[in-house]
Each structure stands twice: as structure tokens, then as C-alpha cells.
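Data first, discussion second: the structure below is written as C-alpha cells.
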Amino acid sequence: MMSDDLVEPVDTALRDQGDGLADQAARAVLAYRAGDRGQLAALVQVMTPLLWHTVRAQGADPEQAQDIVQNVWLTLVRDIEQIRDPRATLQWMLVTAKRAAWRSVRRSRDEHVRQAADENATEWLTAPVEDLPDSVAVRSERDQALWNHVRALPDRCRKLLGLVALVERPDYTVVSQALGMPVGSIGPTRGRCLGKLRAALDADPTWSLS
Amino acid sequence: MSNDDATVALLAAGVLDELDREVFESLARMVEDTDPVPAGLVDRIGMALTIEALHADVAELRLDGELALAVRTDETSIEAGTITFTTDVLTVMISVHAEAGRVRVDGWAAPAEAIDVELHQGAEVISTISDDDGRFSFVDIERGPARLVLRRLSEPTVPVVTPQIEL
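Protein chains in written order, with the working numbering: chain B, 4 to 213; chain V, 88 to 254.
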């Protein structure tokens with residue numbers, strides 16, 4: 004049986020992927036249609052963390068988020084014969100996850116059943132600045148310095164950078180577009196959000212000295 | 088345009104470099120550490136997709152009687168016990184025994200015939216074939232959520248899937 008410490012290797016695998024998730028997803032869809040389910044199973048491992056954080060960044064609580072992520076995968080498999088352009092699979096999944104999260108969050112608010120404070124949420128990527136924690140899981144002073152500057156960015160920039168950080172360069176455009184950011188918001192140049200962060204970091208001796 | 092704005096504009100137009108890469112690596116680590124993907128989520132999705140892939144032909148099993156085996160995952164003990172699943176075409180009874188921190192699953196399916204039996208745990212699948220009386224067993228099995236997929240040799244395209252149980 005697969006162990007619970009899967010998160011670390013998955014994460015490493017995700018970042019070390021030579022070509023992007025979009026390509027891998029396209030190949031998995033084609034293979035699945037041809038009767039080979041193995042590639043999709045591998046895709047579940049490398050793509051689920053990105054889907055998880057995408058959903059969490061919309062404010063879905065952990066229970067909702069798990070259901071949403073699982074449903075995105077089930078919907079993909081149920082509609083897999085209808086996908087016209089397999090290369091759009093990653094984009095479709097991210098947008099589907101994001102919209103499902105919105106609906107779920109809105110429903111919860113309507114029903115006034117918001118869970119008690121959920122301090123770990125990737126929501127910190129988008130929460131209003133006054134609600135942001137002073138520190139997240141930082142491992143060094145350098146991380147803390149980075150967090151201080153990330154905190155000061157506009158919500159949309161925090162979300163963009165937090166999610167783009169999880170993928171490799173070929174997928175930057177897909178991730179930012181799925182978030183509703185304009186083309187060119189990141190890659191091949193830094194774009195405004197990363198530009199702002201770099202300007203702040205460059206001016207911070209705590210960061211640049213280490 | 089202030090100096091600050093000019094600096095940002097210049098940096099924004101710059102090509103991503105090693106330092107940006109380092110920023111992303113730290114940021115990714117913070118995201119993962121602060122809000123890790125729940126343990127078992129990837130496994131559960133894998134299992135759901137397996138069931139979904141079989142779904143066209145699946146006869147969902149109903150549980151007969153008490154779910155003696157369904158110990159909660161946060162409990163350390165394993166309850167040895169017997170459960171029965173039934174469908175229109177097949178009845179399956181299994182009993183589970185703890186053996187040195189792992190478990191042994193003995194099963195019996197009726198009507199009796201040779202049946203291909205798979206034990207699914209996350210992405211792991213172990214398979215065996217029952218004897219002519221419908222008896223099968225899995226030894227040295229890890230604890231945790233599992234389900235059985237049974238294929239009758241007389242009707243191999245109509246698999247029977249059990250609900251998930253906690254071994």
C-alpha cells in the first residue's frame with residue numbers, strides 16, 4: 004500500500020518534471036482512451052497537490068476541498084472521451100476546481116456553516132492583509148523575510164506566486180490563465196507580481212545578505 | 088514614475104533568473120508545509136478512479152449486518168470479525184485476523200466457482216484465484232482501507248466491487 008508520506012516525493016516529482024504538467028496530462032488522457040490507465044494514475048500523484056492548493060486558495064475548507072479535488076478527477080474520467088484538445092486538460096481541471104470551490108464557499112457562507120478558524124488554509128495566499136498570519140511554516144530567517152514581503156503583496160499576486168511556485172516553467176501560463184490573470188503575468192519575464200516581490204527583496208538586507 | 092515604480096517596471100520586464108527560482112522553491116515549500124495535502128487523499132482518489140473505471144459493469148455490494156471490521160482509522164486495534172456482502176449474483180463472506188501487526192483475510196464466495204479476486208489498497212492491487220469451492224485468502228496484508236474486486240470466470244466482464252472496509 005502507498006504510504007502517507009507520499010506528499011514529499013510527489014512534490015519533488017512535480018517540480019523536477021522536465022516537461023510540464025499540461026503535456027503529461029495530455030499524454031495521460033490519450034493513453035486512458037487507448038485503454039492504459041497507468042499514466043492517469045501517475046498524473047493523480049503529481050497533479051493533486053496543485054489542485055488541492057488551487058481549491059484551498061479559494062477558501063474551501065479541508066473537507067470541501069477533498070471532495071472537490073476528487074470530483075474533478077472523477078469528472079475528467081467520466082468526460083474523457085469528449086475532450087477535444089487533450090492539451091487543454093490541465094487548464095480545464097484547474098478552472099473546474101476553482102469554480103467548484105467558489106460555489107462551495109458561497110454555499111457555506113449562505114448556510115452560515117463556516118468552520119471554525121482554519122489556520123492552515125492556503126487561504127493565507129488570498130486572505131485580506133489584516134488577517135494574514137505573521138508567519139507561516141518558515142524554516143529559516145530567509146523564509147521569514149520572504150514571507151514578510153509576500154504578505155505585503157496584493158491578494159491576487161500572492162495567489163499567483165503561491166500557485167505558480169508549485170509548477171515548472173512550461174505550466175506558468177496555464178496556471179496564471181486559469182486564475183484569471185492576463186497572459187504574460189508571469190513568464191518569460193517576471194511580470195508585475197514577481198517584479199514587485201523582487202524589488203522588495205533586493206532592498207531588504209536580511210534577504211540579500213544571506 | 089517614481090524611482091520605486093521604475094525599479095519594479097525594470098524588474099518586471101526582466102527574464103526569470105536563479106534567484107527567482109530560489110524564491111519559488113522557498114514559496115512552494117512554505118505552501119506545502121503550511122497546508123499539506125491530506126494524508127491518504129491521493130490514494131483515495133486513485134481508488135475512486137479504479138472503481139469509476141469499472142463502474143459500467145459494477146454490482147455494488149450491500150453490507151449484511153454489523154460492520155464489525157469497520158474500526159476507525161485512528162484506533163490502533165484490529166477487530167477480527169466476519170462480514171458478508173451480497174449482490175444478486177454473488178455472496179461474499181470475509182473474515183479478518185490480526186497477525187503480527189498485519190492482517191490475514193480469508194474469504195468465501197458463493198455460488199461456488201473459480202473467481203479472480205483482487206484486493207485493492209490505494210494504488211496497490213494484490214490478486215489471487217479462489218479454489219473451486221470459492222475459497223480464497225490473502226496473507227501478510229497491511230492494515231488500512233481496502234476493497235475487493237471479484238471477477239467470476241464464468242462472467243469475467245461483470246466484476247463485483249465491495250464497499251471500502253477498514254482492515
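Glycine included, each C-beta is placed from N, C-alpha and C at the ideal position.
Bear in mind that the values here come from a model prediction, so they are computed numbers and not experimental data.
query = For residue 110 of chain B, which three-state DSSP category applies?
reply = The sequence position of residue 110 of chain B within the first sequence is 107, counting from 1. In the three-state DSSP reduction, residue 110 of chain B falls in the helix class (H, G or I).
Assigned secondary structure, residue 50 of chain B (DSSP; H/G/I helix, E/B strand, else coil) = Residue 50 of chain B sits at position 47 when you count from the first residue of the first sequence. Reduced to three states, the DSSP call for residue 50 of chain B is helix.
task = Determine, using beta carbons only, whether residue 173 of chain V comes closer than 9 Å to chain B.
result = Residue numbering aside, residue 173 of chain V sits at position 86 when the second sequence is read from its first letter. Cβ-Cβ to chain B under 9 Å: no for residue 173 of chain V.
key: Rounded C-alpha distance that separates residue 171 of chain B from residue 208 of chain B   = For the purposes of this step, residue 171 of chain B is taken as the residue at position 168 of the first sequence. For the purposes of this step, residue 208 of chain B is taken as the residue at position 205 of the first sequence. Using only the alpha carbons, I get a separation of about 28 Å.
request  = Output the boundary residues of the alpha helix (DSSP H) element that contains residue 96 of chain V.
outcome  = Counting from 1 along the second sequence, the entry for residue 96 of chain V is found at position 9. Counting along the chain, the alpha helix (DSSP H) containing residue 96 of chain V begins and ends at 90-100.
query = Helix, strand or coil: how does DSSP classify residue 21 of chain B here?
reply = Locating residue 21 of chain B in the first sequence gives position 18, counting from the first residue. With a pLDDT of 48 at residue 21 of chain B, under the threshold of 50, the modelled position of that residue is not reliable, and no figure is offered here.
ask   = Alpha carbon to alpha carbon, what distance is there between residue 80 of chain B and residue 189 of chain B?
value = Residue 189 of chain B sits at position 186 when you count from the first residue of the first sequence. Residue 80 of chain B sits at position 77 when you count from the first residue of the first sequence. Rounded to whole angstroms, residue 189 of chain B to residue 80 of chain B spans 31 Å at the Cα level.
task = Hey, could you find the ends of the alpha helix (DSSP H) residue 65 of chain B is sitting in?
result = For this step, residue 65 of chain B is matched to residue 62 along the first sequence. In the DSSP annotation of this structure, the continuous segment of the alpha helix (DSSP H) that includes residue 65 of chain B starts and ends at 65-81.
query = Residues bridged to residue 35 of chain V by DSSP?
reply = Given that chain V is displayed from residue 88 to residue 254, the structure contains no residue 35 of chain V and the question cannot be resolved.
Terminal residues of the beta strand (DSSP E) in which residue 87 of chain B lies = Looking up residue 87 of chain B in the first sequence gives position 84. Neither: residue 87 of chain B is in no beta strand (DSSP E) and is coded neither H nor E.
ask   = Around the Cβ of residue 144 of chain V, are there at least 16 other Cβ atoms within 10 angstroms (buried) or fewer (exposed)?
value = For the purposes of this step, residue 144 of chain V is identified with residue 57 of the second sequence, where counting begins at 1. Since pLDDT at residue 144 of chain V reaches only 47, below the 50 mark, its modelled position is unreliable, and the value read off the structure follows with that caveat. It is exposed - the Cβ of residue 144 of chain V has fewer than 16 other Cβ atoms within 10 Å.
query = With C-beta atoms as the reference, is residue 94 of chain V less than 9 Å away from residue 25 of chain B?
reply = In the second sequence, the residue the question calls residue 94 of chain V occupies position 7. In the first sequence, the residue the question calls residue 25 of chain B occupies position 22. No; because the gap between Cβ atoms is not below 9 Å, this pair is not in contact.
query = Where does residue 237 of chain V sit, in a helix, a strand or coil, going by DSSP?
reply = Taking the second sequence and counting its residues from 1, the one referred to as residue 237 of chain V is at position 150. In this structure, DSSP gives residue 237 of chain V an extended state, which the three-state scheme calls strand.
inquiry  = Check whether the region 125-132 of chain V and the region 63-75 of chain B touch, using three or more Cβ-Cβ pairs below 8 Å as the test.
reply    = Cβ pair count under 8 Å is three or more, so yes.
Where residue 85 of chain B falls, given that 16 or more other Cβ within 10 Å makes a residue buried = Position 82 of the first sequence holds residue 85 of chain B. With fewer than 16 other Cβ atoms within 10 Å, it is exposed.
ask   = In the structure shown, what three-state DSSP assignment does residue 206 of chain V receive?
value = Position 119 of the second sequence, counted from the start, is the residue given in the question as residue 206 of chain V. Residue state for residue 206 of chain V is assigned as strand, using DSSP reduced to three classes.
task = Scan the region 195-210 of chain B for residues whose Cβ lies nearer than 8 Å to a Cβ of chain V and list them as they occur along the chain.
result = Residues passing the 8 Å Cβ filter: 195, 197, 198, 199, 200, 201, 202, 204, 205.
key: Length of the line joining the Cα atoms of residue 156 of chain B and residue 73 of chain B   = Working through the first sequence from its first residue, we reach residue 156 of chain B at position 153. Working through the first sequence from its first residue, we reach residue 73 of chain B at position 70. Cα to Cα, residue 156 of chain B sits roughly 31 Å from residue 73 of chain B.
message = Using a Cβ-Cβ distance cut-off of 9 Å, determine whether residue 105 of chain V contacts chain B.
response = Counting from one through the second sequence, the residue named residue 105 of chain V turns up at place 18. For residue 105 of chain V, no Cβ of chain B is located within less than 9 Å of the residue's own Cβ.
task = Go ahead and label residue 244 of chain V buried or exposed: buried means 16 or more other beta carbons lie within 10 angstroms of its beta carbon, across all protein chains shown.
result = Numbered from 1 along the second sequence, position 157 holds the residue referred to as residue 244 of chain V. Residue 244 of chain V should be labelled exposed.
query = Does DSSP classify residue 145 of chain B as helix, strand or coil?
reply = Taking the first residue of the first sequence as 1, we reach residue 145 of chain B at position 142. DSSP places residue 145 of chain B within a helical segment (H, G or I) once states are collapsed to three.
inquiry  = Counting only beta-carbon separations shorter than 9 Å, does residue 125 of chain V have a partner in chain B?
reply    = As a position in the second sequence, residue 125 of chain V is number 38, starting the count at 1. Residue 125 of chain V counts as touching chain B.
ask   = By DSSP, does residue 125 of chain V sit in helix, in strand, or in coil?
value = In the second sequence, residue 125 of chain V corresponds to position 38, counting from 1. Here residue 125 of chain V carries a coil assignment [DSSP, helix/strand/coil].
Bridge-paired residues (DSSP) for residue 224 of chain V = Along the second sequence, one-based indexing puts residue 224 of chain V at 137. Residue 224 of chain V pairs with V:193.
ask   = For residue 88 of chain B, does the count of other Cβ atoms within 10 angstroms reach 16, so buried, or fall short, so exposed?
value = Locating residue 88 of chain B in the first sequence gives position 85, where the first residue counts as 1. Sixteen is the threshold: since fewer than 16 other Cβ atoms of the shown chains lie within 10 Å of the Cβ of residue 88 of chain B, the residue is exposed.
inquiry  = Looking at chain B, is there any beta carbon in it that lies within less than 9 Å of the beta carbon of residue 227 of chain V?
reply    = For the purposes of this step, residue 227 of chain V is identified with residue 140 of the second sequence, where counting begins at 1. False, the Cβ-Cβ gap to chain B never drops below 9 Å.
request  = Kindly examine the ligand MN and report whether one of its heavy atoms sits closer than 8 Å to the Cβ of residue 134 of chain V.
outcome  = Judged by which ligands are present, the structure shown has none, so any question about the ligand MN falls away.
message = Taking 6 Å as the limit between beta carbons, can you name the residues of its chain near residue 99 of chain B, skipping five residues before and five after?
response = One-based indexing of the first sequence puts residue 99 of chain B at position 96. Closer than 6 Å at the Cβ level, and outside the excluded window around residue 99 of chain B, lie 75.
request  = Pull up the DSSP beta-bridge partners for residue 232 of chain V, would you.
outcome  = To locate residue 232 of chain V, count along the second sequence from 1; it is residue 145. Assignment of beta-bridge partners to residue 232 of chain V by DSSP yields V:253.
inquiry  = Does residue 138 of chain V come out as helix, strand or coil in the three-state DSSP assignment?
reply    = Taking the first residue of the second sequence as position 1, residue 138 of chain V is located at position 51. In the structure shown, residue 138 of chain V falls within a helical segment according to DSSP collapsed to helix, strand and coil.
inquiry  = Here's a check: name, in chain order, each residue in its chain whose Cβ is nearer than 7 Å to the Cβ of residue 147 of chain B, leaving out the five neighbours to either side.
reply    = Against the first sequence, residue 147 of chain B aligns to sequence position 144. Non-local C-beta neighbours of residue 147 of chain B in its own chain, meaning closer than 7 Å and more than five positions away in sequence, comprise 138, 141, ordered along the chain.
message = If you reduce the DSSP assignment to three classes, tell me which class residue 171 of chain B lands in.
response = On the first sequence, residue 171 of chain B is found 168 positions in, with the first residue counted as 1. When secondary structure is reduced to three states using DSSP, residue 171 of chain B falls in the coil class, being assigned neither helix nor strand.
query = Which residues in chain V sit within 7 Å of residue 40 of chain B, going by Cβ to Cβ distance?
reply = Here residue 40 of chain B corresponds to residue number 37 of the first sequence, with the count starting at 1. Those within 7 Å of residue 40 of chain B in chain V are 140.
message = Across the region 190-201 of chain V and the region 222-237 of chain V, are there enough close Cβ pairs to call them in contact, namely three or more that are closer than 8 Å?
response = Segments in contact, yes.
Anticipated Cβ contact below 8 Å, residue 169 of chain B with residue 126 of chain V, distance rounded = The residue you call residue 169 of chain B lines up with position 166 of the first sequence. The residue you call residue 126 of chain V lines up with position 39 of the second sequence. For residue 169 of chain B against residue 126 of chain V, the beta-carbon gap comes to about 18 Å, at or over 8 Å, which does not count as contact.
query = By how many angstroms is the C-alpha of residue 97 of chain B removed from the C-alpha of residue 185 of chain B?
reply = Start at 1 with the first residue of the first sequence, and residue 185 of chain B comes out as number 182. Start at 1 with the first residue of the first sequence, and residue 97 of chain B comes out as number 94. For residue 185 of chain B and residue 97 of chain B, the distance between alpha carbons rounds to 16 Å.
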